[in-house]
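Trainee: One structure is given below, represented as structure tokens, and several questions about it will come after.
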Amino acid sequence: MSDQNQGKPTPSPTEVATAEETRTALHELADAGVSVWLDDLNRPMIQDGDLATYIDRGVLGVTTNPTIFATALSEGEAYTPQIKTLAAGTTEEAVFALTTEDVRNACDVFTPVFERTGGLDGRVSIEVDPHLAKDTAGTVELAKRLWAEIDRPNLLIKIPATVEGLPAISQTLAEGISVNVTLIFSLDRYRGVMNAYLTGLEQARERGKDLSSIYSVASFFVSRVDGEIDKRLEAIGTDEALALRGKAGLANARLAYQAFEEVFSTPRWQNLADDGANVQRPLWASTGVKNPDYPDTLYVTELVAPHTVNTMPAKTMEATVDHGKISGDTVSGSYAEAQQVLDDLARVGVSYTEVVELLETEGVDKFETSWQELLDTVSEELAKHQEGA
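Counting along the sequence shown from 1, when you hit position 91 you're at 94 in the working numbering, and nothing is skipped either side.
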């Protein structure tokens with residue numbers, strides 16, 4: 004893939020560090036073309052300055068998590084003043100107000116990063132209600148409402164990569180809204196996501212939108228693939244099967260990057276790039292290691308490649324800063340070996356198609372469970388402050 008028109012250049016450490024002594028492995032990742040985003044956000048982090056401290060250490064963006072919101076709501080007082088003003092309304096209205104307030108404020112914290120990286124980073128993601136994962140029209144309408152309410156150019160709207168989500172992605176992009184496509188497990192679905200991105204840009208261009216202002220990432224989940232496939236390999240129990248444990252997640256992601264290079268080298272893409280379009284970067288999600296037998300930085304150090312994002316939970320980020328060894332690109336040129344892993348899995352009896360379909364179904368279910376947890380927590384907090392409670 005040519006470097007021409009691949010969006011703005013990945014920021015160098017000198018752009019994100021305030022002093023030489025603040026350099027960390029996160030800056031080394033930036034040198035290698037990887038933007039590090041934090042998978043965590045709540046109001047205390049914003050108010051106490053912790054989010055700004057993460058930026059000083061080399062963090063270039065953040066993704067939100069309803070479970071984190073729920074925990075912060077139930078454990079502290081940071082949300083109490085706003086909860087009191089929302090007590091007369093519905094739970095859904097309160098969740099919308101609370102989460103958009105946090106994300107808007109986080110966007111403001113990241114504005115300096117957004118500006119000095121020319122819009123590439125400084126991004127904050129918020130997800131649409133996962134109950135709409137199979138509702139194309141409902142997803143688009145909520146994406147437009149979130150975009151208007153938060154009203155910040157460095158926002159990304161998270162849309163799941165379900166079959167119904169693909170046209171919603173295109174339609175949202177066509178409105179000039181930047182999108183974080185989430186919950187990608189399969190290579191076929193990822194190609195569908197990239198096609199949806201290009202289609203959305205083409206539709207945006209037809210509507211006279213400025214393509215240079217539209218950004219997107221495609222969130223490819225990693226550790227969950229190993230979790231499910233390792234379980235199946237252990238059930239098979241042969242030496243050949245057991246030797247494949249811990250290899251599928253990296254292989255799948257590396258083949259996704261190969262697909263990324265192919266799609267963003269096509270004439271179709273170049274035509275859009277010539278009109279100012281930005282590349283849709285692969286984002287490695289679910290990068291916290293589930294198996295304690297694996298290195299805790301496995302899905303960081305082994306997925307280093309230009310034009311990528313790695314969104315990490317705080318624990319993985321701390322491990323990376325503490326002992327992560329960044330040795331340059333660990334993805335390009337690994338495709339034959341990665342394909343061999345998938346071929347070997349098929350030979351021992353593990354169905355790739357079955358696994359990725361299951362993971363998508365479970366992923367949507369987990370999103371819905373997390374969202375319901377947030378609804379329940381907000382409902383409880385509202386009840387405390389309603390008249391007569």
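Here a beta-carbon is modelled for each residue, glycine too, at the ideal position from N, C-alpha and C.
1. If you run the structure through DSSP and keep just helix, strand and coil, what is Glu-384?
2. Quick one: is Arg-210 buried, meaning 16 or more other Cβ sit within 10 Å of its Cβ, or exposed?
3. Relative to the C-alpha of Phe-117, which candidate in Asp-111, Gly-125, Val-353 has its C-alpha closest?
4. On the criterion of 16 or more Cβ atoms from any shown chain inside 10 Å, does Gln-343 qualify as buried, or is it exposed?
5. Which ranges would you report for the alpha helix (DSSP H) in the segment 224-250 if only whole runs of at least 4 residues count?
6. Quick one: what's got a C-beta closer than 6 Å to Lys-318's C-beta in the same chain, skipping five residues either side?
7. Which of the three DSSP states, helix, strand or coil, is assigned to Gly-252?
8. Looking at Pro-163: is its Cβ nearer than 8 Å to the Cβ of Val-359?
9. Going by DSSP, what residues sit across from Lys-161 in a beta bridge?
10. Given a threshold of 16 other Cβ atoms within 10 Å of its Cβ, counted over all protein chains shown, does Ile-58 qualify as buried or as exposed?
11. Please classify Gln-50: is it buried, with 16 or more other beta-carbons within 10 angstroms of its beta-carbon, or exposed?
12. Is the segment 213-233 touching the segment 293-307, taking contact as three or more C-beta pairs under 8 Å?
13. Give me the Cβ distance between Ala-244 and Val-351, rounded to the nearest whole Å; I'm assuming they're in contact under 8 Å.
14. By the 10 Å Cβ neighbour count, where 16 or more other Cβ atoms means buried, how is Gly-93 classified, buried or exposed?
15. Once the 5 residues before and after Gly-79 are set aside, which same chain residues still bring their CB inside 7 Å of it?
16. At what residue ranges does the segment 291-361 contain a whole run of the beta strand (DSSP E), taking only runs of 3 or more?
17. Taking just the CA atoms, how far does Leu-378 sit from Glu-95?
18. Go through its chain and collect everything with a Cβ distance to Val-334's Cβ below 7 Å, but skip five positions before and after it.
19. Tell me whether Lys-161 is buried or exposed, calling it buried when 16 or more other Cβ atoms sit within 10 Å of its Cβ.
20. Roughly how many angstroms lie between the CA atoms of Ser-268 and Pro-285, to the nearest whole one?
21. Do the CB positions of Leu-159 and Val-127 come within less than 8 Å of each other?
22. Taking Cβ positions, are Ala-146 and Val-131 nearer each other than 8 Å?
23. Can you name the start and end residues of the alpha helix (DSSP H) that Gly-141 belongs to?
24. Can you tell me whether Pro-156 is helix, strand or coil according to DSSP?
25. Which of the three DSSP states, helix, strand or coil, is assigned to Ala-288?
26. Can you round the beta-carbon distance between Ser-216 and Leu-176 to whole angstroms, since I take them to be within the 8 Å contact cut?
27. Let's test the definition: count the other Cβ atoms within 10 Å of the Cβ of Gly-331 and tell me whether it reaches 16, buried, or not, exposed.
28. For the alpha helix (DSSP H) holding Val-112, just list the boundary residues, first then last.
29. Give me the Cα-Cα distance between Leu-101 and Ser-38, rounded to the nearest whole angstrom.
30. For Gly-195, does the three-state DSSP call read helix, strand or coil?
31. Count the other C-beta atoms from every protein chain shown that fall within 10 angstroms of the C-beta of Asn-281, then say buried if there are 16 or more, exposed otherwise.
32. Considering just the uninterrupted stretch of the alpha helix (DSSP H) at Leu-135, what are its terminal residues?
33. Give the single residue among Gly-230, Leu-361, Asn-274 whose Cα lies nearest to the Cα of Glu-205.
34. Given a threshold of 16 other Cβ atoms within 10 Å of its Cβ, counted over all protein chains shown, does Ile-239 qualify as buried or as exposed?
35. State the DSSP-derived secondary structure class of Val-116, mapped to helix, strand or coil.
36. Using a 10 Å radius around the Cβ and a threshold of 16 neighbouring Cβ atoms, would you call Ser-354 buried or exposed?
Mentor: In short, the structure shows the following:
1. helix
2. exposed
3. Gly-125
4. exposed
5. 226-239, 242-245
6. none
7. helix
8. no
9. Glu-130, Asn-183
10. buried
11. exposed
12. yes
13. 5 Å
14. A small correction: the amino acid at residue 93 is Thr; Gly does not occupy that position in the sequence shown. Exposed, since its Cβ has fewer than 16 Cβ neighbours within 10 Å.
15. Pro-47
16. 311-315
17. 7 Å
18. Arg-257, Tyr-260, Leu-306, Val-307, Ala-308
19. buried
20. 15 Å
21. yes
22. yes
23. 139-153
24. coil
25. strand
26. Not quite, the Cβ-Cβ distance comes to about 11 Å (not below 8 Å), so this is no contact.
27. exposed
28. 94-112
29. 27 Å
30. helix
31. buried
32. Here Leu-135 belongs to no alpha helix (DSSP H), and DSSP marks it neither H nor E.
33. Asn-274
34. exposed
35. helix
36. exposed
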